Structures are given as structure tokens and as C-alpha cells.
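Protein chains: 8
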Amino acid sequence: MNEFDLDLLRAERVGLDEALFCAGKTDGQVARIVETVAMAGRPMLLTRLDAARHASLEEATRSRLDYDPISRTAFLGARRPLRERARVAVVCAGTSDLGVSREAARTLEYYGEKVSEFNDVGVAGLHRLLGRIQEIRAHDIVIAVAGMDAALVSVLGGLVKAPVIAVPTSVGYGAARGGETALAASLASCAAGVTVVNIDNGFGAACAAMRILNRG
Amino acid sequence: MNEFDLDLLRAERVGLDEALFCAGKTDGQVARIVETVAMAGRPMLLTRLDAARHASLEEATRSRLDYDPISRTAFLGARRPLRERARVAVVCAGTSDLGVSREAARTLEYYGEKVSEFNDVGVAGLHRLLGRIQEIRAHDIVIAVAGMDAALVSVLGGLVKAPVIAVPTSVGYGAARGGETALAASLASCAAGVTVVNIDNGFGAACAAMRILNRG
Amino acid sequence: MNEFDLDLLRAERVGLDEALFCAGKTDGQVARIVETVAMAGRPMLLTRLDAARHASLEEATRSRLDYDPISRTAFLGARRPLRERARVAVVCAGTSDLGVSREAARTLEYYGEKVSEFNDVGVAGLHRLLGRIQEIRAHDIVIAVAGMDAALVSVLGGLVKAPVIAVPTSVGYGAARGGETALAASLASCAAGVTVVNIDNGFGAACAAMRILNRG
Amino acid sequence: MNEFDLDLLRAERVGLDEALFCAGKTDGQVARIVETVAMAGRPMLLTRLDAARHASLEEATRSRLDYDPISRTAFLGARRPLRERARVAVVCAGTSDLGVSREAARTLEYYGEKVSEFNDVGVAGLHRLLGRIQEIRAHDIVIAVAGMDAALVSVLGGLVKAPVIAVPTSVGYGAARGGETALAASLASCAAGVTVVNIDNGFGAACAAMRILNRG
Amino acid sequence: MNEFDLDLLRAERVGLDEALFCAGKTDGQVARIVETVAMAGRPMLLTRLDAARHASLEEATRSRLDYDPISRTAFLGARRPLRERARVAVVCAGTSDLGVSREAARTLEYYGEKVSEFNDVGVAGLHRLLGRIQEIRAHDIVIAVAGMDAALVSVLGGLVKAPVIAVPTSVGYGAARGGETALAASLASCAAGVTVVNIDNGFGAACAAMRILNRG
Amino acid sequence: MNEFDLDLLRAERVGLDEALFCAGKTDGQVARIVETVAMAGRPMLLTRLDAARHASLEEATRSRLDYDPISRTAFLGARRPLRERARVAVVCAGTSDLGVSREAARTLEYYGEKVSEFNDVGVAGLHRLLGRIQEIRAHDIVIAVAGMDAALVSVLGGLVKAPVIAVPTSVGYGAARGGETALAASLASCAAGVTVVNIDNGFGAACAAMRILNRG
Amino acid sequence: MNEFDLDLLRAERVGLDEALFCAGKTDGQVARIVETVAMAGRPMLLTRLDAARHASLEEATRSRLDYDPISRTAFLGARRPLRERARVAVVCAGTSDLGVSREAARTLEYYGEKVSEFNDVGVAGLHRLLGRIQEIRAHDIVIAVAGMDAALVSVLGGLVKAPVIAVPTSVGYGAARGGETALAASLASCAAGVTVVNIDNGFGAACAAMRILNRG
Amino acid sequence: MNEFDLDLLRAERVGLDEALFCAGKTDGQVARIVETVAMAGRPMLLTRLDAARHASLEEATRSRLDYDPISRTAFLGARRPLRERARVAVVCAGTSDLGVSREAARTLEYYGEKVSEFNDVGVAGLHRLLGRIQEIRAHDIVIAVAGMDAALVSVLGGLVKAPVIAVPTSVGYGAARGGETALAASLASCAAGVTVVNIDNGFGAACAAMRILNRG
């Protein structure tokens, strides 16, 4: 019986490396997987690695990792050089959503994409978004990160031609219902052709962007 | 045992007449209540009176009613003259929301308020709303009627000083969940100081506006 | 007061024409919008136009429409010629999901895309899907249409490099919860980078595909 | 990339200052925003600043704040003088709801409103409310704070003419569902013209009151 | 195989006759059960027998039944004489709840209880309830029938000593959620010692009252 | 493009024939599938074929089917002879659940299993169940069909050694929530080792039984 | 402004003392209320006072309290003598439900009722319940405490004549949904005339019993 | 009054020993039950005994237990010898699901079953599952353990003849909803004859397997 069976051919099959989602795994499992992949000389992205767990890793393991506490992501292996042009805009409604938008940005950087980040442009102060919309339009793909009512998603969807990938976040309380409202509002968006990923899934939005960018 | 007990002193107590919510009542109950109030020489607003039921009322009863099929409302008794200035703007996201926004407008008219209606200004085509925002700002109160993601509510809440009363509508399908998403999104709005009434409750929003207008 | 305010510049702004979602609108509203757009000499896609309503339209209006009863869509205006190569694969789990997958296909055809349809390839008979996977892989984008447990979404997401857009359907009963389970399962998919649109929203998936195809 | 982008013109646009919702932000973000606003010589209201976090702020930051632990609010900058007359009544059902009602009262005080608070007047002991109803009626606006079944909201709505803004609270257990029942009951209130804000959103109710008071 | 197996000893065991809940049974099943019980010379209460089905029963069957269309109940067999004193008060919030309150009253009458009915005493017009509270207090048991926010339940629970059995009704729309809000609000009532039965279950409330009255 | 792709090797792969779930398919689709399978000389079970649709099938198609209106099932092709001994007991709580329990029984008969049916043995009259428990114990598998609170499931699970497969039904109203309560209660059963299928899924329970019986 | 306003006349009005629900109140609030009531020379029941908080109370306060850690209740003031005969049976499904059933028993003891407790008689081992049913039948009222599927409620309801008050508990996991399943199952019980209180509300069930016992 | 009443005849009645579910019981209750059973010289399985509680047990008690921290299970009493042939395959989608799959395996081992475990074979990397499907087919029963979208359940159900018992797990976040999505997806599986147990209920799946294996 093996505890895990890494999917090392995933990149070939779907164009994306297998990543390690750390939440829900024990410290021992995380460490053993990192060691196994490192031994195989392969790169890997770790997500949902919170600061306390990162700090508790053995020094040998920790030294292999390029860690970012806001996004709770780590890179194992040498970083890919970044492209010159940012093809993806990550647009983030509020300061509280930064962990999620940074997860998207870091995942894209793992694949060598330079990312433009637009923060704190929620629609309660619409001028902030409108003032930057031309810049945003210069990108091939827009990732929209927003919690609560996720109104940013529809507004963006109505202002740009690019694919818009919505990431609802768990920011908010009460009727925000841990991100369920932002999720449902994004799905029911009045702007056509917006797609949606799971709550707080900045990683997934970035992978979806990579699937588009890998095309052609 | 009486089937009903009209609250004829309500206007004195809360500044609003008792209205007749027809859905859920039998044809007989609706007819008997209308007759009782008419006999008492009092005005009354009827809501949720759908066209089929209106058509099935006896001619004597029907002739007492000023009926509007879109809003499914009827006025019993002489109409109050309308004020010269529209103090309330009813802003409606889409054509499918018109029944609800008209219910709000008709309720206000019942109380003698002239109403400005702004239709089909959902945020998927933001220029439509922005092009009319100065007009909207000229009103004392804004009622925002929107279904699906209700993004209109937050956008409006960030653009006007007036009280904003959101009416989520049951328009939409799937993740719109019969208006629950618009309701939750309105409650979780990123714009401060927006208040919310029940799904499709144009009547309630108008009553809330009257409570404000009746002040001082 | 206008009942509707068509967003005729939408194509310029987001690369997609405004479409007419017929459900929730009255017969009169649908007819008036069709006439207005026809008068303006513009094409339009109508969705959720069920057969009974289509049949009840006036002959003059009906004669303007190219109607398909399975997808409940209609084209107003001359059809665009189709591309030679199908860039989008619409993969459909079961016969009961056909209305939704056809809505996606028809929307793409409205924009001139030739579509490859793969029907009845749900994972309960996995060989059917595996037998056609090479064909599916030849497309730039995959739209996966599935109800109930939507297992097709994850399986496809793990087998192709292309962007996968999931359309959960309301097919099923009991724990299928009108499509909510397929929706949640698609969002929680174990395959990375899958994106999701609203339940039964074949139109939205096609629009999302067009946003990708319009790129570059 | 900036972590935040303060909306300093909000007061001009909507008549309300941007406030800082501390929950969901890191200690560093809270401190940096407070410093930025203080440097700009502007006042700000902080909400959901719990006592532990307040205590952990650096002395320099903490000394700028007028903190209240029950409401978890803090004022940055000089306090506005209070009006002589209390225009708003904050009516609170039970002792457990005090944190929320105090948040409403403190927000109003931030804007210079004197507030009358009526505590522990839940309808299980109706005489307590009836004994104070004349006092309550002397106010321009009533904020009703209640958890569990929120019956206070309907009772108040039927007894006063003023605008009634309901704040459902997360007090209770089991079928109280973290405030969802109080929220739904307030929205479905049998008293006409009551409006509702999010669960535990004393701040939002006060902002809604300010929108009304800022009128005319 | 038998289609049904009547529990003719139920009265002995639990003090209540087996009743026939007609909804969900076919016309044939209802008719065959009525005939079987009639043949056995036993009385039976039928509930949820709507008028259309009642009308479609064969004359022979229908002639055995004492039918009431508002409560949708029928008595099979001779009526028991009513007690002189009404021991149970059935208090009903609004006209739309009458079907449910009548079901409770009819069930009690089936068992020979005289019932006092108090209708249209919802708390939005509190004086109506307060004006009759002394009368209500003269009963041994109070059944409170209310939909929407069910505020009547808490108010009554705080005003009487008797057992209060709440029957939430499915009256209302939107956030009333088909009676779920009235149900949850009744369960979370701030008045101690109130008990609750299923939505629209006037029959069950009456049975619960009979269990109490059968005591001692 | 084919509308359907029958999985004719399913029996070989999983030991069960592909069945035709008629709900959600159009009349045309049902008829074409039946014809295709009949042409191939194969048997097939049809489920959820309601009486109206059955009656509307063309005579040629209808004549091929052995139809049962209570279970809404039909057999295409010659019936398999039944085993001598009933290996499965289908235990049904109430008369309203019969459609579902009959679906289970008919599915088993399709595969040649003789079935013992125990009807109307809900736990509100526990003696009915206890009086037949020895008979039930004589079977290899027990299918328990119950709606509302599904208490029958736990009681049976604690009284027999055999595998117990629970089929929650949508019988009931209000808090029964269309079968969700029976489903959740069955899953949370205090009796160990009970398994559960979807609401109203008599067919699925029978298939599960066949998987067990096909073993060894 | 007062933080609380005790309802000292509640006993007179509804026959029950106001009790102190400690959860959701601060330590200071609990202590101040206890002191106020003690000063007034009145008895009071405290509920949801967990052991840690009890231990942290000042010695002076703690010495006034008769505390029971399992039920998390405390009596303030002299205990009432217990009646000779137990009129209430508290029947508890499993060991994990004991905290709730003890809360019911302690509340009854506060009012001077002797209580018979029947523990660990869940229906998965039906013989345990049946072996004690004659004893249970000797009581005037039965309180049934059960979590998970709450099958005990229906079984008891079908076996006794007395009023049955169900207390669903939050025991269980997954589909038990924190007591929601037990709650819904109790409400949808197939046994007629069972009433229900909130999840884990042993106190409320006891109060309901007292309302019955106080009668006549 | 006894705190617990062990069901020592359960094995005789249902073929399974009573097990001790430790979560929700106090340390004292767990210890006392273990001692009681040990004194009676009987074996017992303990589930949901987390490592911290295990460590805090008194040495005397702890020494009686054969504890496994991953599955959080312990055996009391001598282990039964394992059969030579593994009759059950436990198939686990991901590393995070191991705690649940191990609970199933350990429960089977408690009853003397040898178990084959197949780990990390989720469908996002379908080749891993397909590569081992022949091995899996060699077993009499398949237990499928999967969280998130639980697509593994349908894929397996379509590939094997054996009974498939699905155990949805609480692994995942957002739309995974603590296992509710995996649960609903398993119930709505497109593969016929799959049965389901509660979320994370590896124990229950093993008991269901034992009921099957105990047959004949």
C-alpha cells in the first residue's frame, strides 16, 4: 500500500503540473511528498501551506521552498523566468481578498507568466475601477477576485472582451455565507460569458488561464 | 368567528393604510374584503392580484378597481392627486424585473407620489446607468430593483447619497435560486448603508420609502 | 419611460451581441424587442424560447426567426457562414442533457463556429468516452455538459489540455437537487483549471468560448 | 501594486466616510491603513476590531484610537460633537445583542448623532416594550436589533410611523442558524415597510440611518 | 401483499384514531380505505382531501363524508357531540392561514372538543391581539397559527400560561420560504416552553392538544 | 451526431442491463430508444414512464411493453422466469410509498427475482412491523422504503442481520422537504451498516441488491 | 441606558421564572445579573453555563450557585422540594445526548418536579426501549431526547398516550447536520401529535412540560 | 439511572458488535465504557478516538487498546486472525481521504477481514485507476472513498460488478461543503446500484460490507 501516487505525467496530459494542496494533509504527508518530488528533480507548486506549518517544516525541506506567506504558496525547484509581457490581469475587489488574488498571481508566476495586479477596486468606489479599465483591457485574460456580493464580476464582464474568470472569496459575514453568495452571484452574473471557479480558488483560476494560454 | 378583522387604524399608527395581499387568499375572501372596505368608504391598495383573478371578479367589484396588469395592483377608491416633483427614483435592472418595479411605483402613486422610473439599466451595460446617474441623483430616495446577481444595488449604493432600498427579484434560473442570490448579494453589498426588503417586494420598498417621506 | 433599452454597442465592448433571454419576459415584450432589433437591421440570438411561445408568435415575427425546438433558440437575421474547422467540442453526458448542449452548439453557430457534438458519453460507460477522446482532443475548447454527479467534468478535465467549461444541468431528481449537485461537483472538481457556468447555461458556456476564441 | 487604495472621496459621493472593517484583514494591513489615514489628517471609523487585536497594536497606533470593546469599534481622529436631540432610537431585544446595537450607536456617534438606546425589550416580556413605546415614537428613525425569531421587528413595525431598520443578530442556537432565522423573519415581517441589513450589521443600519438623516 | 394495513388499535395505544392523510395517495387508495373503515363501522378523520378530489369520489363514498372545503377535512361516521366548554383556543395570524387553523379546529371537533377561534390577530396590528387576550387566557391550551415571521408565536408565548403549540404556515413568499422561516422562528422563539409542529400541520397540533387533554 | 449511444455491454461489465429512465427525455427519444433496443432483440427495463406518456405511445411500441402503472415501469422483451425463493424483502412504511417500493420490486422481477413485499408497516404502529419481523429475517437482503422521518430504517437495521438498503421517499410535506429529511435520517441512522440510495430510487436499491446477489 | 431589564413578573404572567441563558453573554453580564437577582432574593435557573466559565466566576457568586457540569445548569436560591411522584419521563437515546436530557431534568427539578430518566434506549437496540415501555407509560408527559435520525421520537410517539415533546440533539456528524436532521425528522414524524422544541433545548422541553403540568 | 446500557446482544441480532463512537462523549464516559466492556471480557472497536484523547487516557486503559492514529480507531481485546484472501477492496481517491479509508479498513480487520487498499487513484489521473482495475475486480466488495466531486464513485460503479459502497469524505473547501457535495454526487451517481453511507463514515461502510459477507 502506498500513501500517495504522484501523477508525474499530468503536465503531458493536461499541460499542468500536479500541485500539492497542503490543507487536509498531515505534516508528515506534506514533507514526504516534497522530498519525493525533490528527489525526482521536478518542480512543484504547493498551495494552502500556512505560515505556521511552513515554519514547522524541517530546515532541509524548508530550504527547498520559495515561500510567500500572503498567498500561502511555495515553489519547489528553480523558478521559471517570467515572460516580458503580462498576459493576465488579476483584479481584486478589496484588501481582504488579497490572499486569494495573490494565490492566482503566484500560480501564474510558477508557470512563467508575468502578472498585472489591480487591487482594491471594488465597485463601491466605481471610479477606482473605471480609472484603470484601459490598463485592464490590455490583457488577454482577466481574473476577477471578489467576495460578498461579487458585483465586480458583472461590472468587469460588461467592460472587457477578454475571458473573465471569477474567483468568489469567503470574505464577509452573515449573508455573505462564507463565499456562497459571491459564488452564486458570479454564476448568475448578468454579464454573458463569465466563468467561475470554486470559492477562494485562486489556484484554479490561474490553471484555467494557463489552459487558455497554452492553446495555440 | 370572523374571517378577517381589518386594521382600519393602521394609517394613524404607522402612517400606511392596510393593503390587501391577494395571493394566498381565496376569490371569495378577496371579494368580501373589497366590499367591506368599499362600504366603509375607504381607499385600499390591492397587490398580487393577477389578471386571471381580476377578470374573474364580479363586475360590481371589478368596477370599483383601477387595475394595472403589469404590477398586478389595483386601487380601490378615488386616486390621490400626484405631487409635482418626483421624490423617488425606481431604478430597474432588466425588462424581466418590470412587474416588481411597477409594483413599487404604483404603491407610491397610491400615496400620491410621482415616480421617476429608470428601466433596463443593469450593470452588464454600465454606460446605460452612468448616462442617467445625474438624473437619479436628483431624487430623495432610490429604490433599486434587480435580480440574478443584483450588482446594480452595490453600484448604485456607491454613486448616490440618498437612501437606497434594494428589492431583489426572483428573475433568473439555476444559481439565481428564485431571488435568494439577489437577496443575499444585496444584504452583503459592499456599499454601506443599503437596506433590503423581501424578494419581489416592490410594495414593501415603497412603504419603506413612505415611512421616510412621512418623516418631518 | 421605456420598457427596454437595447445595448447595441455590446459587441464592440465585449465582443458579443446582446441576446434575448425569453423566459421571464411577456409575449408582448419578446415580440416588441424582436421587431425593434429587426427594424434596426441587426441580428440577434433568442434563447429559452419554448415551442409553445414560438408557435404563438405572430406569423410576421415568426417568419423572421430560424427556430430550433430542442435548444429552444432562434436566430434573427441572416446566418453567419460556418468556419471550416470545428474549434469547439461540446461533450454531453446523456440524452436528457441534449437541450442544454444544443443551446451551447446553436449559440456557437450563431457566431459562425462549426461545432463537434459528442453525445451520450457519460462515465457510467467509460469506454464510450475513452473511445472518442482523441477526437475530442483535436479541439481548442471543450464544453462539458452533465447533470446528476457531473463526473464527466472531472474525467474530461484530467484527459485534455484545452480549456474545459462545465455546464451542469438540471437533469436528475432527489439528491441531484435541480442541478445544484452537478454545479457543486463541477466547482469542487478534482481536475485543475476547469471553469463553470450556471446550471443549464449552454448559452453562457458558448459565450465564454467565444471570449477565448476572439482573443488574438 | 498597492495593497489598498483608499476611497477618500466617498463622503462627497455618498455622504459617508470609508470605514475600516478589520475582520479579515491582517494586523499589518490594519496598522498600515490607520497610519495612512492618520497621516492624511482624516477621521475614520474602525469596526470589528476585537479587543485582542486592539491590545496587540503598537502603542503609537493604539494611542490614536478611541476604542470601545463592547461594540469593537474605534474612532480615529477628533470626535465630532453630538447633536442635542437624539434623532435615532436603537432598540435592542436582549443583553446578548448589545454588541451589535452598540456598533450601531457608536457609528451614529461617529457622525455626531446622539442616540437613545432601549435595551432588553424583547417581546417575550411585551410590557417592557409597550412601557417605552411613547419614548421610542419620539425619534425620527428606529433601529431594531434582535436575534432568534426577531419578533421585535414586526411588533415595532406595527407600532411606529418612523422608518424601521432591522438588524438581525447571530444570537441563538439550533434553529436560530447563526442569525439566518432572524434575517429571514425580518424580511418576511408582517409589518409593512420595514427594511433589513445584514446579520450583525449594526454599522450598516447606522449608515442607512445617516443616508436618511443627510436628506434635506 | 396488502396495499394497506390499518392500525385499528391506535386509539387504545395512543389515544388517537388513525387518520387518513389523502395527499400522496391515489384516488383508488383513498376510496378503498374509506370503504374498509366504513365497513368496519369505525369513524375516521380524513385530512388534505382537496375539493376537486372530494368532488370526484363516487357518490356512495362521498355520502358517507361530512366535508369542509376550507380545512380540506372530512369526517367519516357519526359526529361526536361537542363539549360545552371550549378548552382550546386556535389563534390565527391572518386570513391566508385560515385553512390551517380550520384543520386544527376540525380535528379537535372530530374528538368532541368545542373550539374558540381567534382570527386575523397578527402582531402587525397588536391591539387586535391585546384586545382579545383575556378571552384567550380562559382556555387550557393555545394553538398559534402563523406564517411569514410567526411573530405571533412569541408574543402569545409571553402572554399566556397555557401550553402554546405553534403551527407555522406556508403563507408568504420569498424569504418566507414556504413556511421554513415561520418554522425556524417558532423553534427559536424567545418565549420559553413553546412547542412546534410541522409546517401547515393543523392536524398535528390538534392531536398534540388531545394528548394533553386526554391526560388525567 | 447521434442522439444516444446505448451501452449494450453494460451487463457484461457491471452485471446489470442499461435501463431507460424516461423522465427528462422527450416522447420521441423514448420511442426511438425502445425501437432500437427491440430491433436489437434485447430486453430492457423502462422506469419513470408515467401512465399518460405510456398511453400516448404508438400502439406498435406500446404492444412491446409489459407496463405497471403504480411503479411506472415497463418491461421490453420476454420476462425472465422468477426464482422459487424470494431472496429480497421489500419493506414499505406507508401506502403513499408504494410507487417506490413497487419500482424496487419490479426491477428485481425484471432480473428474475421473486420478491416478498411488506406494506404499511411504519413504526408509528410498531406491532405491525414486529409481527412480521421473523418473516422478514428469512430473506438475504432487506430494502427499506420510507419517507418523512424514515424511522423504519433504523428500527429494521437494528433487527436484522441482512444488508439493509434504505430508499428514502419524497412522501410528506413541510419539514419532510421532498424526501431530504428521510434521506438525511437514513444516512445518519443509529443502526450500523445501513446503506442508502437516492430519494425515490427504488430502481437503484434493486440494482444494489442485484450486485450483492450476483456475487459468488 | 440599562444593560438588562429583568422580567420579574414573568412567573405571574406565564407561570415560569425568567431564566438566564449564559451563552452569548459576557462573564461580566452573567455575574451582574446573578448579583441583581440574588439581591432581590429571588431564585433563578442558569443554563448553558459551561464548566470553565463557572470556575472563573468570583467565589462570592459561585457560592450562591448549585451547579451541575453535565447539564451546564445552576440553581440560584434555595431548591424547591421535589414532588413524591415523577410526572415526567425523560427518555434519552444515547450517552452523547445526556447533556441535553440532564438539562431537561434539572429544569424540571428547579420547579420541584421529580424526574424519571431512561438513558441509552435508542432504537438501534429496540429491546432496551421495549423492556422499559411500561415504566415510561406510567408518566404524564414524555420528553424524548435524540440526535442523528431521532427515530426514537416516532417509536415513542406510537407507543404512549401521553404528550411527547421531542428534543432533537446536535449529536452526530455529516448528514446529522448539527441536529438539523433530528429536528426535521421529529417534525415530520409519522406519529401523530408529537411536538418539538429547538435543537439541544432541554430547557425548553421542560418549560413546555411545566406549562402542561401547571394546567388545572 | 444508568449513564449507558451496552447492547451486548447486538452481534447475535445484527451480526455486528456494538462499537464505541468516542466523539461527543466525555473522557470519563469513554473510560468507563472501556472498563465495563473489558471487565465483561468482550472485544470492542473504538472509533473517532483522536490522538490527544488517546494520549490522555489512563495508562491502564490505554494499555488495553491497539491504537491506530491515522484512522483514529482502537481495538479492545485480542485481535481476530485475518482471512487469507482479501474480499474487500478499499479504493481511496486522494491522500487527504486516508483517515476515512483507513477507518473502513481497520473496521474490517477488527472482524478478521484482510483488506486491499488502493490509494491516490482519483479520476483526475484516470490512468492510475485504470491501471489497477483488474486487481480491484478481484474482490467481492468495493468501498469507494472520495471527497470533493466524488467522481471516483461513478467511474468505479461503471467498471465493476461487485457491490460498490461509497463513502463521501469531508475533504475539500468551498463548494465541497464539508462533504455534502461528495455525498449528493454519490447519491445522484450515474452508475446504477451504488449505495452510500454518511460523510466520513468509513466505519459504516465496513459494517455494510460485513452484512453482505455475513450472508450465506
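Those protein sequences? They're chains P, B, H, A, C, X, E and R, same order as listed.
The opening position of the first sequence corresponds to residue 1 in our numbering, with each subsequent residue numbered one higher.
The opening position of the second sequence corresponds to residue 217 in our numbering, with each subsequent residue numbered one higher.
The opening position of the third sequence corresponds to residue 433 in our numbering, with each subsequent residue numbered one higher.
The opening position of the fourth sequence corresponds to residue 649 in our numbering, with each subsequent residue numbered one higher.
The opening position of the fifth sequence corresponds to residue 865 in our numbering, with each subsequent residue numbered one higher.
The opening position of the sixth sequence corresponds to residue 1081 in our numbering, with each subsequent residue numbered one higher.
The opening position of the seventh sequence corresponds to residue 1297 in our numbering, with each subsequent residue numbered one higher.
The opening position of the eighth sequence corresponds to residue 1513 in our numbering, with each subsequent residue numbered one higher.
Positions of the beta carbon are idealized from the N, C-alpha and C atoms, including for glycine.
Keep in mind it's a predicted model, so treat the numbers as computed, not measured.
- From the beta-carbon of residue 692/A, no residue of chain C is found nearer than 9 Å; the closest lies around 34 Å away.
- With the rule of 3 Cβ pairs closer than 8 Å, the stretch 823-831 of chain A does not count as touching the stretch 136-153 of chain P.
- One Cα belongs to residue 931/C, the other to residue 940/C, and the distance between them is close to 9 Å.
- With a 10 Å radius around the Cβ and a threshold of 16 neighbouring Cβ atoms, residue 1346/E comes out exposed.
- Listed along the chain, the chain H residues whose CB falls inside 7 Å of the CB of residue 1687/R are 616, 619 and 620.
- Interface flag for residue 53/P against chain A is unset, since no Cβ pair is found closer than 9 Å.
- Our two residues, residue 386/B and residue 985/C, have alpha carbons roughly 30 Å apart in a direct line.
- Between the alpha carbons of residue 275/B and residue 250/B lies a gap of roughly 13 Å.
- Residue contact with chain P for residue 507/H: absent (no Cβ-Cβ distance below 9 Å to any residue of chain P).
- Under the 9 Å criterion on CB atoms, residue 1723/R is classed as interfacial with respect to chain X.
- If you ignore the 5 residues before and after residue 198/P, its C-beta comes within less than 7 Å of the C-beta of 204, all in its own chain and listed in chain order.
- For residue 1117/X, the enclosing alpha helix (DSSP H) begins and ends at 1107-1119.
- Closer than 9 Å to the CB of residue 416/B there is not a single CB belonging to chain P.
- Partner residues in a beta bridge of residue 1130/X, as assigned by DSSP, do not exist.
- For residue 171/P, the residues of chain A that pass the 8 Å Cβ criterion are 672, in the order they occur in the chain.
- With 16 or more other Cβ atoms inside 10 Å of its own Cβ, residue 1269/X counts as buried.
- For residue 65/P, the secondary structure class from DSSP, reduced to helix, strand or coil, is strand.
- Taking 9 Å as the upper bound on Cβ-Cβ separation, chain H lies near no residue of the stretch 1199-1218 of chain X.
- The continuous stretches of alpha helix (DSSP H) do not include residue 82/P, and DSSP gives it neither H nor E.
- About 6 Å separates the Cβ atoms of residue 165/P and residue 627/H, confirming a contact at the 8 Å cut-off.
- The Cβ of residue 1354/E sits no closer than 9 Å to any Cβ of chain A.
- With a contact defined as Cβ atoms closer than 8 Å, residue 1395/E and residue 1366/E qualify at about 6 Å.
- Take the alpha-carbon of residue 422/B and the one of residue 712/A: they are about 43 Å apart.
- Restricting attention to 1602/R, 1569/R and 1635/R, the CA atom closest to the CA of residue 1619/R is found in 1602/R.
- One alpha carbon belongs to residue 689/A, the other to residue 660/A, and they sit about 17 Å apart.
- As the crow flies, the alpha-carbon of residue 665/A is around 20 Å from that of residue 403/B.
- Residue 1283/X has a beta carbon lying at 9 Å or more from every beta carbon in chain H.
- Within the stretch 1228-1253 of chain X, those residues whose Cβ lies closer than 9 Å to any Cβ of chain E are, in chain order, 1228, 1229, 1230, 1231, 1232, 1233, 1234, 1235, 1237, 1238, 1239, 1252 and 1253.
- Proximity to residue 1457/E across 1018/C, 1072/C, 1045/C and 945/C peaks at 1072/C, based on C-alpha coordinates.
- In this structure, the straight-line span from the alpha carbon of residue 1203/X to that of residue 1211/X is close to 12 Å.
- Among the residues of chain R, those whose CB is under 7 Å from the CB of residue 1273/X are 1528, 1716, 1719, 1720, 1722 and 1723, following chain order.
- Taking CB atoms only, residue 789/A has no neighbour in chain P less than 9 Å away.
- Going by C-alpha positions, residue 868/C is about 17 Å away from residue 907/C.
- For residue 396/B, the uninterrupted alpha helix (DSSP H) run begins and ends at 396-403, by DSSP.
- Counting along the chain, the unbroken beta strand (DSSP E) around residue 74/P starts and ends at 73-76.
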